[in-house]
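See structure below.
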Amino acid sequence: MARKPMVTRTIKVTQACVLCLDIEQGEPCTKEVTLSRTYKNDETLLKAAKAAVDTDTLKAVSISKSWVEEKLLGMPEDFFIAHATDIVRRKPDAEIPKQPRDPQ
Numbered sequence: 003m004a005r006k007p008m009v010t011r012t013i014k015v016t017q018a019c020v021l022c023l024d025i026e027q028g029e030p031c032t033k034e035v036t037l038s039r040t041y042k043n044d045e046t047l048l049k050a051a052k053a054a055v056d057t058d059t060l061k062a063v064s065i066s067k068s069w070v071e072e073k074l075l076g077m078p079e080d081f082f083i084a085h086a087t088d089i090v091r092r093k094p095d096a097e098i099p100k101q102p103r104d105p106q
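Using the numbering used here, you'd call the opening residue of the sequence shown number 3 and step up by one each time.
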């Protein structure tokens, strides 16, 4: 079976152990979250973790520990084409010719 072409991307993600409070039970718990990008301090990391974790009954309180991992992610090329959105370039690329040139 032939390999399918893949679209790949290497990205940095932040893994964090978030101390949370279950307000219905009145008990603390720990949730591990994966967030895209890196964060400059725990304050900005907690803000992003709250957006991912907070519900009506569960609230993120503080960051216990965090670390950055580099991940290689990919998907089949046909899946990418089916689900990707077109992006308009801000300025045209001068290096890419519109039509192939005749070699002389």
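Think of the CB as a built atom: it goes at the ideal place given N, C-alpha and C, for glycine as much as any other residue.
All values reported here derive from a predicted model rather than from experimental measurement.
Alpha carbon to alpha carbon, how far is residue 40 from residue 71? Rounded to the nearest angstrom, the two C-alpha atoms are 9 Å apart.
Judging by CA-CA distance, which residue of 47, 57, 77 is the nearest neighbour of residue 64? Selected option, being the one with the closest Cα: 47.
Based on DSSP bridge pairs, tell me the residues matched to residue 11. Beta-bridge annotation (DSSP): residue 11 is paired with 75.
Which whole-angstrom value is the C-beta distance of residue 36 and residue 74, which I expect to be below 8 Å? Not confirmed; about 15 Å, so no contact.
For residue 34, list the residues DSSP reports as bridge partners. DSSP lists 19 as partners of residue 34.
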